[in-house]
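Input: a single structure, listed below in structure tokens.
2 protein chains.
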Amino acid sequence: MSESLKKVDVFQAIADPTRRDVLRLLASKERSIAEITSNYDMSRTAIVKHLKVLTEAGLVTGQKLGREKVYHLKLEPLTEVKQWLDYYEQFWHNKLSKLKFLVENENEDK
Amino acid sequence: MSESLKKVDVFQAIADPTRRDVLRLLASKERSIAEITSNYDMSRTAIVKHLKVLTEAGLVTGQKLGREKVYHLKLEPLTEVKQWLDYYEQFWHNKLSKLKFLVENENEDK
DNA sequence: ATAATATGACACCTAAGGGTTTCACATTTA
DNA sequence: TAAATGTGAAACCCTTAGGTGTCATATTAT
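First to last, the protein sequences are chains A and B. If you count by the UniProt record's numbering, then the first sequence holds residues 1 to 110, one letter each, in order. If you count by the UniProt record's numbering, then the second sequence holds residues 1 to 110, one letter each, in order.
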């Protein structure tokens with residue numbers, strides 16, 4: 001038993017474009033709430049809510065340093081997404097290469 | 001110009017557990033709406049809505065055969081997810097292998 | 001022809017998601 | 001110590017998500 005207090009599903013956490021963008025921001029370096037917020041055209045409160053979701057999904061953690069709270073990225077939960085994707089990769093190589101060809105060359109069955 | 005009429009983001013489409021499960025069902029074989037519905041404790045109408053979302057994300061397609069409508073899986077949109085994940089894999093191998101070790105062996109920094 | 005089956009199309013409900021503003025409090029900085 | 005900065009927390013709003021039930025219609029099966 002460990003790390004299982006995730007209140008938010010990682011798939012749900014990454015469903016929102018803003019949240020994916022925040023992850024991208026934190027990938028380069030850790031940032032304070034104010035710093036993150038400065039990148040978006042929305043209120044700090046809204047960003048904090050997104051950070052809460054990301055935190056509960058285990059994708060970020062925040063620690064207080066003085067008066068600011070600095071968030072950094074945590075990649076572990078992405079393994080779940082990767083594993084989920086891996087399941088479909090078996091079909092990928094069998095079918096997708098063909099399908100992709102068909103799609104790119106459009107309506108073959110017309 | 002092709003396939004770009006996706007009204008629903010693939011990340012949003014896979015955010016719902018039921019929808020991920022429907023994808024899993026369709027991975028084994030194509031199924032009619034009634035057949036899909038029989039696997040869940042919810043109304044056909046609800047399932048149809050999920051199928052609509054999946055369709056608009058490009059993850060499934062349905063074709064009418066007689067009086068039933070048969071859905072089958074389409075994997076292409078998952079490439080977007082895969083690419084997104086790949087971006088983070090650069091950190092994965094650098095940091096995650098270590099992190100994973102730390103996590104699995106719990107609180108090292110205590 | 002009739003009955004059973006499968007789906008389509010609505011109207012409707014409730015909770016949750018994503019956003020806002022406002023105010024209070026803690027911590028720096030001048 | 002006074003002002004500025006960064007955050008926490010609450011109340012509120014609107015739209016959408018996910019679900020329901022009902023009725024009509026098309027297609028099989030008896």
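Ideal Cβ placement from N, Cα and C applies to all residues, glycine included. Here the structure is a predicted model, which is why all the values come from computation and not from measurement.
Not flagged as an interface residue toward chain A: Y71(B), since no C-beta distance is shorter than 8 Å. One thing to note: R24(A) has its Cβ no nearer than 8 Å to the Cβ of L54(A). Taking a Cβ-Cβ threshold of 7 Å, the residues of chain A close to K82(B) are L85, in chain order. According to the DSSP assignment, K69(B) belongs to no alpha helix (DSSP H) but to the beta strand (DSSP E) extending over 68 to 73. In terms of Cα proximity to R31(B), the closest of D86(B), K52(B), L73(B), T79(B) is L73(B). For the options P17(B), D21(B), L75(B), F11(B), the alpha carbon positioned closest to that of V60(B) is the one of L75(B). D9, F11, Q12, A13, I14, A15, D16, P17: these are the residues of the region 5 to 17 of chain A whose beta carbon lies less than 9 Å from some beta carbon of chain B, given in chain order. It is roughly 6 Å from the alpha-carbon of P77(B) to the alpha-carbon of G58(B). Counting the other CB atoms within 10 Å of its CB gives A15(B) a total of 16 or more, which places it among the buried residues.
The DSSP-derived three-state label of K52(A) is helix. About 26 Å separates the CB atoms of Y71(B) and L85(B); that is not less than 8 Å, and the two are not in contact.
Contact of L78(B) with chain A by beta-carbon distance below 7 Å involves L85, Y88. Under the Cβ distance rule, L75(A) counts among the residues neighbouring chain B, one pair being separated by less than 8 Å.
Sixteen is the threshold: since fewer than 16 other Cβ atoms of the shown chains lie within 10 Å of the Cβ of A46(B), the residue is exposed. The beta carbon of E56(B) sits closer than 6 Å to the beta carbons of K7, V8 from its chain, once the five residues preceding and following it are set aside; these are given in chain order.
Within the model, the alpha-carbon separation for D21(B) versus E80(B) is close to 19 Å.
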